[in-house]
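Using the numbering used here, the letters of the sequence shown map in sequence onto residues -11 to 93. The beta-carbon is built from N, C-alpha and C at its ideal position, and this holds for glycine as well. As the structure is a computational prediction, the values presented were derived from the model and not from experiment. Notes to accompany the following structure.
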Amino acid sequence: MAARHLGELGLVVLERNWRCDEGELDLVLRDGPVLVVCEVKTRTSLVAGTPHEAVTDAKLARLQRLGERWARERGVRPDGIRIDLVAVLRPTRGPAVVDHVRGLC
């Protein structure tokens, strides 16, 4: 759902669920010359907080490091690395709500 949503916005998916010994990237995309690392957070309720609240400063720093490592290992030299969030709220009734937040750091 998140990859499709971002594709509709013109981003190009380069990789999904990339893993290494340091962690995982949900989505790696290209937005023009910029590499986009996208964290996808899904919730069925807000009892444990919003998807946005789950992305801490430590998580952002780890995503930045992982994005740099992904680019290095692939020989990609982007004009920058942007961290985005796709927050998905899937209530038990009704349609899912997708919120794309660009440039968390």
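Residues near residue i in its chain [Cβ-Cβ closer than 6 Å; skip 5 each side]
| i | result |
| --- | --- |
| D87 | A75 |
| G68 | V22 |
Spatial distance of residue i from residue j (CA atoms)
| i | j | result |
| --- | --- | --- |
| K47 | D9 | 15 Å |
| A49 | C26 | 13 Å |
| P39 | D14 | 14 Å |
| D45 | Q52 | 11 Å |
Start and end residues, alpha helix (DSSP H) containing residue i
| i | result |
| --- | --- |
| G(-5) | -10 to -4 |
| A49 | 45 to 62 |
When the options are compared against residue i, the one with the closest alpha-carbon
| i | options | result |
| --- | --- | --- |
| R57 | G11, P39, E27 | G11 |
| V43 | H(-7), R(-8), A(-9), G91 | G91 |
| T30 | C93, R78, A36 | R78 |
| H4 | L(-3), V89, G55, R65 | Sequence check: residue 4 is Arg here, not His. Selected option, being the one with the closest Cα: G55. |
| V89 | G63, G37, I71, E61 | I71 |
| W6 | R81, A59, C93 | A59 |
| R18 | A36, P83, G37, V64 | V64 |
| A84 | E61, T32, R62, L51 | T32 |
Beta strand (DSSP E) segment containing residue i, residue limits
| i | result |
| --- | --- |
| L13 | 11 to 19 |
| H40 | Counting along the chain, H40 falls outside any beta strand (DSSP E), and DSSP gives it neither H nor E. |
| L23 | 22 to 31 |
| A84 | Where A84 is concerned, there is no enclosing beta strand (DSSP E), given that its DSSP letter is neither H nor E. |
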